[in-house]
Amino acid sequence: MFAYPNAKFEAIGNPYIGEKALYSLIDRKNLNEFKETLNLSRDYDIVGEDVSSIQKSLDENFLQTINMMRKDSSKKMNDFYTTYLEKIDIYFIKSELKKKILGNKSETDISNMVLPKTKEFLIKLKESDKENLPELLLAYGFEKELIEDIIKEPPNLLNIDGLIDKHIINRLRQVDVPYKCEEAKNNFLKRSLDVMNIKNILRAKQLGYDVPTCKMLFLGEGTEIAPWKFNDLADLQTPSQVISALEGTSYFNVLKDSIELYNREDSIQVLENVLDGYFIKLSKDISLKNYLNLGPTIRFLVSKEYEIKNLKMIVKGISENLPTDFIKGYLITEAV
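Residue numbering for the sequence shown follows this note's numbering, starting at 107 and increasing by one per position.
Structure (structure tokens):
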């Protein structure tokens, strides 16, 4: 049942995680040229005259892509696609929850949310008082541990961040897929945990968090980052030391060459980009090992998500006349 959709996803491909296609778009003089070039691809039909509308059109393209994938796939995959969209929306939910906790009343455009369920939740969140949050969060499916943390005074926003990340990981872990797809799904989740954990500890060391706070950022055991390994990383002082301590894992090999650039720019973004590029490569490896079931679906989904992020960044860069090299520094390309 996977033969047709897998072949289709492979045929469509993901050109905008490669330097050649991305750099040709960066060179466009204005947003109209960007749209015209992008729309030459049969997989894009982007509209809009300003940054916001074009970026929104790109988000809609991603939703259309997932709906296409859902339509072409077995009905047993429906929950997987829905939960993957929840994974994207969770960042909006995280942001809005923290705003509610802090009493921030700034408006958010909920039209950017992917799922109707998310839009409904955010409308209710906006209308609710802080005292009503536990009931609302429970109805949405959040765990009691998160709810208890939110009503604490003062709330620990860092811990809330981690509990929301754990929530979506658990949602993906629990989602039913055909039996032969379980291995690919679990490999995807474990690699996701590795990358999220390494990003968390690198960012924490950049910000100078103490050791107990760093250890609190662990999201769960992945493929190569076990609890003991994460604790060892948390005991270190700097991002460079963390990278050195990753020797023996595949993540060291991709990060080590970026230490010099990180030290020069003092930007954790450099290291996060490298990890994201490697995660795309890992999704390709999962695809090759699980080619007859969920593998190509995971690879295409992951790559498409990064494609859209890249394209939105280029739109912003062109609109603000940012230097080409500056824009390139924010793009995610598949690791070689």
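Quick reminder that beta carbons are idealized off the backbone N, C-alpha and C, glycines included. For clarity, every value in this text was computed on a predicted model and none was experimentally measured.
Worksheet entry | According to DSSP, residues forming a beta bridge with Thr355 | Glu353
Discussion item. Classify Pro318: buried if its beta carbon has 16 or more other beta carbons within 10 angstroms, exposed otherwise.
Written reply: exposed
Worksheet item: Where does Glu237 sit, in a helix, a strand or coil, going by DSSP?
Response: helix
Worksheet entry | Buried/exposed call for Thr171, threshold 16 Cβ in 10 Å | buried
Worksheet item: Would Leu243 pass as a contact of Ile229 if the rule is Cβ separation under 9 Å?
Response: no
Worksheet item: Under 9 Å between the Cβ atoms of Thr224 and Asp195?
Response: yes
Worksheet item: Is it the case that the Cβ atoms of Gly247 and Leu325 are separated by a distance below 9 Å?
Response: no
Item to complete: Can you tell me the Cβ-Cβ gap for Gly401 and Leu394, rounded? I've got them flagged as a contact below 8 Å.
Response: 7 Å
Fill in: Option in Ile118, Ser201, Asn293 and Leu381 with minimal Cα separation from Leu231
Ser201
Worksheet entry | Cβ pair Arg279, Leu295 closer than 9 Å | yes
Worksheet entry | Uninterrupted alpha helix (DSSP H) stretches inside the stretch 164-243 (no shorter than 4 residues) | 184-208 and 222-233
Worksheet item: Can you give the beta carbon distance from Leu342 to Lys311, rounded, assuming they're within the 8 Å contact cut?
Response: 7 Å
Practice prompt. With DSSP as the reference, label Ile331 as helix, strand or coil.
Written response: coil
Item to complete: Could you check if Phe115 is buried or exposed, using at least 16 other CB atoms within 10 Å of its CB as the buried criterion?
Response: buried
Fill in: Residue from Thr355, Lys162, Pro345 and Asn167 whose Cα sits closest to the Cα of Leu367
Pro345
Item to complete: Take every Cβ of the stretch 419-428, pair it with every Cβ of the stretch 327-339, and state whether three or more of those distances are shorter than 8 Å.
Response: no
Worksheet item: Should Leu137 and Val157 be called a contact, given that it needs their Cβ atoms to be closer than 9 Å?
Response: yes
Discussion item. Going by DSSP, what residue range makes up the alpha helix (DSSP H) through Arg279?
Written reply: Leu263 to Gln280
Discussion item. I'd like to check one pair, Thr189 with Val281: are the Cβ atoms closer than 9 Å?
Written reply: yes
Fill in: Closest residue to Ser350 among Leu313, Ile304, Asp391 and Asn276 (Cα-Cα distance)
Ile304
Fill in: Beta-carbon proximity of Asn416 to Ile118, cut-off 9 Å
no
Worksheet item: On the three-state DSSP scale, how would you describe Thr143?
Response: helix
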